[in-house]
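Each remark here refers to the structure printed beneath this line.
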Amino acid sequence: MKSTPWEDAASMRARALELFSQYDLARVRTPHELTTRIAEITGKPIRIEKLDDPALVHTTALWIEYEELSKVVLRATDRVYYQVRGLHHEFGHMLWGHPGCEGLSMDDGIRRLAGAGQVRGRVLMTPNSL
434 MKSTPWEDAA
444 SMRARALELF
454 SQYDLARVRT
464 PHELTTRIAE
474 ITGKPIRIEK
484 LDDPALVHTT
494 ALWIEYEELS
504 KVVLRATDRV
514 YYQVRGLHHE
524 FGHMLWGHPG
534 CEGLSMDDGI
544 RRLAGAGQVR
554 GRVLMTPNSL
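For the sequence shown, the numbering used here begins at 434 and goes up steadily by one.
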């Protein structure tokens, strides 16, 4: 039985271990090294922003991709633990090459934060899927 429409848990774990090895992430020791390594892998610089914005009331972190860079937005009011967790979660989306998330892009506040960028993530939501 599949836990998601994409893959079962065992195949997702196997793919994660494969990516960890493929990208030599075991050598990473600091948050700066991790950010630098993900930027090398994706071929784009990464900017991390902490925002106190009402658009993030239900979203703890967000990956917005622009032509020239990737931006991770973290909710400034969260404790550092949740900010780090959100950052790592968004880095996971980057490593897996997840597509755009139409559902989040439909939200006026998120769309305002993204501007010309594309909100990226794993879940593809559309008005018809709600």
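Note that CB positions come from ideal geometry on N, CA and C, so glycine has one too.
Just so we're clear, the structure is a prediction, and the values are computed from it rather than from any experiment.
| Which residues share a DSSP beta bridge with A494? | Taking the first residue of the sequence shown as position 1, residue 494 is located at position 61. The partner list for A494 (beta bridge, DSSP) reads L507.
| query | If you draw a straight line from the C-alpha of G596 to the C-alpha of A472, how long is it? | reply | Residue 596 is absent from the model: the chain starts at 434 and stops at 563.
| request: Spell out the partners DSSP gives I471 in its beta bridges. | output: In the sequence shown, counting from the first residue as 1, residue 471 sits at position 38. Residue pairing of I471 in beta bridges, as defined by DSSP: absent, with no partner found.
| Touch check for the stretch 445-459 and the stretch 510-524: three-plus C-beta pairs under 8 Å? | Taking a cut-off of 8 Å for Cβ pairs, the stretch 445-459 and the stretch 510-524 do not touch, as fewer than three such pairs fall below it.
| request: May I have the straight-line CA-CA distance separating G519 from T493, to the nearest angstrom? | output: In the sequence shown, residue 519 corresponds to position 86, counting from 1. In the sequence shown, residue 493 corresponds to position 60, counting from 1. Rounded to the nearest whole angstrom, the CA to CA distance from G519 to T493 is 6 Å.
| Alpha carbon to alpha carbon, how far is A443 from W529? | Sequence index remark: in the sequence shown, residue 443 carries index 10 (1-based). Sequence index remark: in the sequence shown, residue 529 carries index 96 (1-based). Taking the CA atoms as reference points, A443 sits about 16 Å from W529.
| query | Where H465 and I481 are concerned, what is the direct C-alpha to C-alpha distance, given to the nearest angstrom? | reply | For the purposes of this step, residue 465 is taken as residue 32 along the sequence shown, with counting starting at 1. For the purposes of this step, residue 481 is taken as residue 48 along the sequence shown, with counting starting at 1. If you draw a straight line from the Cα of H465 to the Cα of I481, it comes to about 11 Å.
| Helix, strand or coil at L484 [DSSP, three-state] | Against the sequence shown, residue 484 aligns to sequence position 51. Here L484 sits in strand by DSSP.
| task | Return helix, strand or coil for R518, following the three-state DSSP convention. | result | Here residue 518 corresponds to residue number 85 of the sequence shown, with the count starting at 1. Looking at R518 - three-state DSSP - the assignment turns out to be helix.
| task | Determine which residues share a DSSP beta bridge with I543 and list them. | result | Locating residue 543 in the sequence shown gives position 110, counting from the first residue. As far as DSSP is concerned, I543 takes part in no beta bridge.
| query | If you draw a straight line from the C-alpha of R544 to the C-alpha of L507, how long is it? | reply | The count along the sequence shown starts at 1 and reaches residue 544 at position 111. The count along the sequence shown starts at 1 and reaches residue 507 at position 74. Taken atom to atom, the span from the alpha-carbon of R544 to that of L507 is near 15 Å.
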